[in-house]
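Residue numbers (our numbering), protein chains in the order written: chain S, 1 to 380; chain W, 1 to 308.
I have placed the structure first, in the form of structure tokens, so that the comments after it can refer back to it.
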Amino acid sequence: MSAVESALSETQLVTFRETLADEPIEYDGLAAEYDAGEETYHIETPNHRTSVGADDVGSVAAELAAYITNWYFYTQQVSGEITQAFCRWLEGADDRPVPDRYDALETGIDREWGQLRVTTTLAEDGTRRYEVRHIDDSDADAATLTTHTDPFDARDIGTLDADGQYRPLRTAPSLDAGWIFPDLTAGEVYEAVEAFYPATVVNWHREQRGDLDIDHWRDEQDRQSGIYNLITVLPDEAVEWAAAACCDDSQCLKRREWELSEDEALDADGGDGVFPCREPCSMVVAAGREWAKLEREDTQTYEFELTPSEKEQLEEIIDAVADDTVDEIREADLDEGANRYRVRYLREKRFDGDGNLSGTPTGPDGDDNDSTDDSKDHDE
Amino acid sequence: MQSLVIVAHGSHLNPDSATPTHTHADTIRATGAFDEVRTGFWKQQPSLREVLRTARGDDIYVVPLFISEGYFTERVIPRELRLEGWDPELWDSEGISADTATLVAGDIDKEVHYCGPVGTHEAMTDVLVRRAESVTGDPKVGEVSESADSEARQTESDGGFGFAVVGHGTERNEKSAKAIEYHTERLRETGRFDEVKALFMDEEPEVDDVTDHFESEDIIVVPLFIADGFHTQEDIPEDMGLTDDYREGYDVPATVDGHRIWYGGAVGTEELTADVILERAADAGADIGDAIERVRRKTNPATQAAGD
Chain S
1 MSAVESALSE
11 TQLVTFRETL
21 ADEPIEYDGL
31 AAEYDAGEET
41 YHIETPNHRT
51 SVGADDVGSV
61 AAELAAYITN
71 WYFYTQQVSG
81 EITQAFCRWL
91 EGADDRPVPD
101 RYDALETGID
111 REWGQLRVTT
121 TLAEDGTRRY
131 EVRHIDDSDA
141 DAATLTTHTD
151 PFDARDIGTL
161 DADGQYRPLR
171 TAPSLDAGWI
181 FPDLTAGEVY
191 EAVEAFYPAT
201 VVNWHREQRG
211 DLDIDHWRDE
221 QDRQSGIYNL
231 ITVLPDEAVE
241 WAAAACCDDS
251 QCLKRREWEL
261 SEDEALDADG
271 GDGVFPCREP
281 CSMVVAAGRE
291 WAKLEREDTQ
301 TYEFELTPSE
311 KEQLEEIIDA
321 VADDTVDEIR
331 EADLDEGANR
341 YRVRYLREKR
351 FDGDGNLSGT
361 PTGPDGDDND
371 STDDSKDHDE
Chain W
1 MQSLVIVAHG
11 SHLNPDSATP
21 THTHADTIRA
31 TGAFDEVRTG
41 FWKQQPSLRE
51 VLRTARGDDI
61 YVVPLFISEG
71 YFTERVIPRE
81 LRLEGWDPEL
91 WDSEGISADT
101 ATLVAGDIDK
111 EVHYCGPVGT
121 HEAMTDVLVR
131 RAESVTGDPK
141 VGEVSESADS
151 EARQTESDGG
161 FGFAVVGHGT
171 ERNEKSAKAI
181 EYHTERLRET
191 GRFDEVKALF
201 MDEEPEVDDV
211 TDHFESEDII
221 VVPLFIADGF
231 HTQEDIPEDM
241 GLTDDYREGY
251 DVPATVDGHR
261 IWYGGAVGTE
271 ELTADVILER
281 AADAGADIGD
291 AIERVRRKTN
301 PATQAAGD
């Protein structure tokens, strides 16, 4: 057992006795009841059992006291079933008994939620405190990170990525680092996580209880109106490509649970995230609308003259953009197909004055293809 | 436990789109009038589909931070929130009098109070006036006899101000023009401004010709929009001739055709908009104590120091 002396506070004692006056307690390995006839409290944990008078409840063995402070924290200091479940998950409550947990909490128990590292620690009276930082800052000296105390600051931290670009998808793995919430309460850690990753805790909790409601692609299609009606014509195989393109762990940290329909699974990997994705998000729907427009075009046979290396270079460029590795390519690394000089050279060599690859026009009469330009409905 | 849920459009492209929603949520949260204040978006997270499940209250008030009744408030939001039995008729409105409807939300199997949009509440007129005051830096703007010392009127003009309320027009939503006309009329009734007119982006009378529509040398121009974005920051300033290129910015006031244009940007960014959200919830039965008064005091530059 830990060196922490789990002495019970007066408030904890009063609440414990008042609760037992009404009904027995059974919580997380603690079983307690009050025998009014004998004016005795019977307190039992997996390794201890004692019966004491009212005056002696406060001086029970440290391990029993730990069970009582654990009960007090979760039932009196954490409000709401979802926050309780989340905080219990944060300290791995289902995996180890209270004494082991209290030992581990002395140095802190770390859990990851998306790109967040949440560390739970314990005050002497059993109250948990929470520290939240970016997983990339796990080993950083807290003094080098920007300190925040208001959990709603998380909303602003999550708005832009490290390059200052807007993050329309808060669950994208592009959360900026360099900040810390050093000391949050249970209610505050819930709010901070909710602000970083909206609705993820509540959906995770529904999943834990076995009642996550999933809306599949076809449900989503059926529901649309207005400009998004167009996704109803997106071919099924395109949904497969869209899921692989958008919902991969490299693009979104939610674990995709929606499929084409309940009976038609997608082959694309749904990811390994802690929290589930229960329906196609607005980003996927907006992208699906764009692809629905593009997929209305028929294929056409073009003839391009390229060297084998140039053909492979085009493939490398597509990979570099798709995998977001363009910035990793060194300026002078001309072995890389997506190197800027290589690409500029290719453009000089293979584009005509109108920007056509190998001088081949896009349309049969030499027109640019602008049939998908629908700038009027920019972001509806 | 009482929850306020503010629902808004949001954007995949523009981070400023959600700023008013978050700012007003913070203002209301600080009053403590609700046990929690949640926000949900059509285009951002949490989505309209999932916002209600983040609310823990027994009494949930949903207020759309939208300018007008129409497609979003009557169709998209009720559908996404899964309001069972929803029918626009429940609001019994011709376009500007939606108040509240109480329905079970299928997502949480609980009743919620679904309120009319912020933009058509009468209190929004006060926000337009407040924006006129803030953009001119004159709490008495328009009240000629009261404000002779104001910097805003140290001009050769007679001290009177024109006020243009700007909207999209009916091309996108026939009811959006009703909201514009409604507040234009209410502003006119105050008698505070020499001329008050409704102008539109895509129909006559057009905001492009703002100076043709006013005699007043000083014209306050305020778009009845929730958030600043493409239209309010790029289109309208360029269309009015405040600047040739929005990226270079513009003066306030800017002189166009001999008129001084005091362009205020989207009214929804005015802090006092938080008050209208509270009014909507209170009209639907929320118990918010003196929160309206406190928000009015706190967001008023004249009383800010004394506010809480």
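Each residue gets a CB set at the ideal place from its N, CA and C atoms; glycine is no exception.
DSSP places Gly167(W) in the uninterrupted beta strand (DSSP E) bounded by Phe161 to Gly167. Contact annotation: in the stretch 49–64 of chain W, residues whose CB is within less than 9 Å of a CB in chain S are Arg49, Glu50, Val51, Arg53, Thr54 and Arg56. Secondary structure at Ala198(W): strand, using DSSP grouped into helix, strand and coil. Of all residues in the stretch 225–251 of chain W, those with a C-beta nearer than 8 Å to a C-beta of chain S are Phe230, reading in chain order. Residues of chain S whose Cβ lies closer than 8 Å to the Cβ of Asp26(W) are, in chain order, Phe152. Boundaries of the beta strand (DSSP E) around His113(W): Lys110 to Cys115. The CB of Thr171(S) comes closer than 8 Å to the CB of Gln45 in chain W, given here in chain order. The residue among Ser134(W), Asp275(W), Glu133(W) and Asp87(W) with its C-alpha nearest the C-alpha of Ile28(W) is Asp275(W).
Residues of chain W whose Cβ lies closer than 8 Å to the Cβ of Cys281(S) are, in chain order, Gln45 and Ser47.
Taking C-beta separations shorter than 6 Å and ignoring five residues to either side along the sequence, the partners of Ala177(S) in its chain run His134, Asp136 and Asp137, following chain order. DSSP lists Val166(W) as the bridge partner or partners of Pro223(W).
For Ile109(S), the secondary structure class from DSSP, reduced to helix, strand or coil, is strand. Residue contact check for His168(W) against chain S: no CB pair falls below 7 Å.
With its beta carbon less than 7 Å from one in chain S, Pro15(W) belongs to the interface. If you draw a straight line from the Cα of His216(S) to the Cα of Arg223(S), it is about 11 Å long.
Against chain W, the CB of Val193(S) has no partner CB under 7 Å away; the residue lies outside that interface. Exclusion of the five residues before and after Leu13(S) leaves Val57 and Gly58 as the residues of its chain whose Cβ lies within less than 8 Å of its Cβ.
In chain order, Arg223 and Ser225 make up the part of chain S whose C-beta sits under 9 Å from the C-beta of Arg79(W).
The CB of Arg342(S) never comes closer than 8 Å to any CB in chain W; the least such distance is about 31 Å.
Not a single CB atom of chain W sits nearer than 7 Å to the CB of Tyr27(S).
Beta-bridge analysis with DSSP links Tyr61(W) to Leu4(W) and His113(W). Straight through space, the alpha carbons of Lys298(W) and Asp99(W) are spaced by roughly 26 Å. Restricting attention to alpha helix (DSSP H) runs no shorter than 4 residues, the stretch 309–365 of chain S encloses them at 340–350, ordered along the chain. Take the alpha-carbon of Ser93(W) and the one of Ala179(W): they are about 12 Å apart.
Annotation for Glu234(W): Tyr246 place their beta carbon closer than 7 Å to its own, counting only its chain and skipping 5 residues before and after.
Judged by DSSP in its simplified three-state form, Tyr74(S) adopts helix. Separation of Ile67(W) and Ala281(W) (C-alpha to C-alpha, rounded to the nearest whole angstrom) is 16 Å.
Of all residues in the stretch 67–91 of chain W, the ones placed with a Cβ closer than 9 Å to any Cβ belonging to chain S are Tyr71, Arg75, Val76, Arg79 and Glu80, in chain order.
Rounded to the nearest angstrom, the gap between the Cα atoms of Gly57(W) and Glu290(S) is 38 Å. A direct Cα-Cα distance of roughly 45 Å separates Leu116(S) from Asp298(S).
Within its own chain, the residues whose Cβ lies closer than 7 Å to the Cβ of Thr120(W), once the five positions on either side in sequence are excluded, are Ser68, Glu69, Ile96, Ala98, Ala179 and Tyr182, listed in chain order. Between Trp113(S) and Lys254(S), the alpha-carbon positions lie close to 10 Å from each other.
Of the candidates Thr11(S), Leu169(S) and Pro173(S), Leu169(S) places its Cα closest to the Cα of Val285(S). At least one CB atom of chain W sits nearer than 7 Å to the CB of Tyr166(S).
By the C-beta criterion, the stretch 33–49 of chain W is judged not to be in contact with the stretch 350–368 of chain S, since fewer than 3 inter-stretch pairs fall below 8 Å. For Pro182(S), the secondary structure class from DSSP, reduced to helix, strand or coil, is strand.
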